[in-house]
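Enquirer: In my numbering, the protein residues as written are 51 to 301. Glycine is no exception: its CB is placed at the ideal position from the N, C-alpha and C atoms.
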């Protein structure tokens with residue numbers, strides 16, 4: 051079969067125990083290194099490293115921006131810049147050009163990323179992915195909400211970023227009623243979003259440390275929270291598959 055003439059769904063796929071990688075154009079990747087994997091001439095992936103972390107520039111949603119509610123778009127912008135896109139786009143420009151919605155995060159960002167006005171201040175993965183793709187001019191991002199944790203790990207090991215919709219303080223998901231399209235709707239009330247940059251089976255999920263070139267795991271950050279509280283507010287959150295994911299950098 052001439053796999054070059056066929057188009058597939060982008061991402062890392064496992065078929066009968068064999069893994070393959072498909073780029074953002076739907077083409078099977080062959081004879082190249084893809085994060086922690088190497089694709090052979092037949093497209094079969096061999097995992098050559100147990101861990102992988104993608105470099106990414108750090109952007110604070112607070113410092114000089116004061117986007118207290120803007121964790122979703124700022125996380126996405128970090129990932130775009132890490133992939134070499136949106137290099138000349140400032141955080142303020144990225145926030146100002148977001149699709150906005152009156153009450154439904156499935157339609158766009160509700161309210162303002164700079165302050166809370168009582169509405170459900172968030173944007174779902176799907177419209178955020180569409181916005182990023184329109185900005186980049188290619189299908190770089192995808193809503194992968196509902197994927198398993200193993201699926202997410204494969205994407206991270208392939209060198210992609212995950213904008214992970216999680217919770218504050220590693221707490222269980224809690225709900226509150228918000229007005230969505232005119233109806234009171236239970237929504238995740240303790241949500242927060244961060245950019246996951248890599249995975250190490252011995253250390254866990256890797257995230258960028260504020261203002262440094264280092265990576266830490268969620269567990270390592272938790273151990274340092276008490277020290278950091280005297281300097282900066284601790285915005286450190288858990289990895290949960292209950293809310294949603296945006297996969298940034300497919301292929």
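#1: Could you say which of 188, 157, 63 lies nearest to residue 130 if we only look at CA atoms?
#2: Closer than 7 Å by C-beta to residue 62: which residues in its own chain qualify, once you throw out the five before and the five after it? Chain order, please.
#3: Could you pull the start and end residues of the beta strand (DSSP E) that residue 144 belongs to?
#4: On the three-pair Cβ rule with 8 Å, is the region 230-242 touching the region 81-95?
#5: Within its chain, find whatever has a CB closer than 8 Å to the CB of residue 91; leave out the 5 residues flanking it on each side and keep chain order.
#6: Taking the alpha-carbon positions, what's the residue 147 to residue 95 distance?
#7: Spatial neighbours of residue 109 within its chain, please: CB distance less than 7 Å, with the 5 preceding and 5 following residues excluded, ordered by chain position.
#8: Please confirm if the region 104-122 is in contact with the region 210-225, defined as three or more CB-CB distances below 8 Å between the two stretches.
#9: To the nearest angstrom, how far is the alpha carbon of residue 221 from that of residue 144?
#10: Considering only DSSP beta bridges, list what residue 106 is partnered with.
#11: Do you know whose CA, among 194, 122, 89, 136, lies nearest residue 171's CA?
Expert: Here's the rundown:
#1: Sequence index remark: in the chain shown, residue 130 carries index 80 (1-based). The residue with the shortest Cα to Cα distance from residue 130 is 188.
#2: Within the chain shown, the letter at position 12 stands for residue 62. Result list for residue 62: 69, 71, 204, 205, 208, in chain order.
#3: Numbered from its first residue, the chain shown carries residue 144 at position 94. From DSSP, residue 144 is part of no beta strand (DSSP E) but of the alpha helix (DSSP H) over 141-146.
#4: no
#5: By 1-based counting over the chain shown, the position of residue 91 is 41. Once the five neighbours on either side are set aside, the close Cβ partners of residue 91 are 80, 81.
#6: Taking the chain shown and counting its residues from 1, the one referred to as residue 147 is at position 97. Taking the chain shown and counting its residues from 1, the one referred to as residue 95 is at position 45. So the two alpha carbons sit approximately 38 Å from each other.
#7: In the chain shown, residue 109 corresponds to position 59, counting from 1. Here the set comprises 124, 127, 128, 141.
#8: yes
#9: The sequence position of residue 221 within the chain shown is 171, counting from 1. The sequence position of residue 144 within the chain shown is 94, counting from 1. About 30 Å.
#10: As a first step, residue 106 must be located in the chain shown, where it is residue number 56. Residue 106 is not bridged to any residue.
#11: Position 121 of the chain shown holds residue 171. The residue with the shortest Cα to Cα distance from residue 171 is 122.
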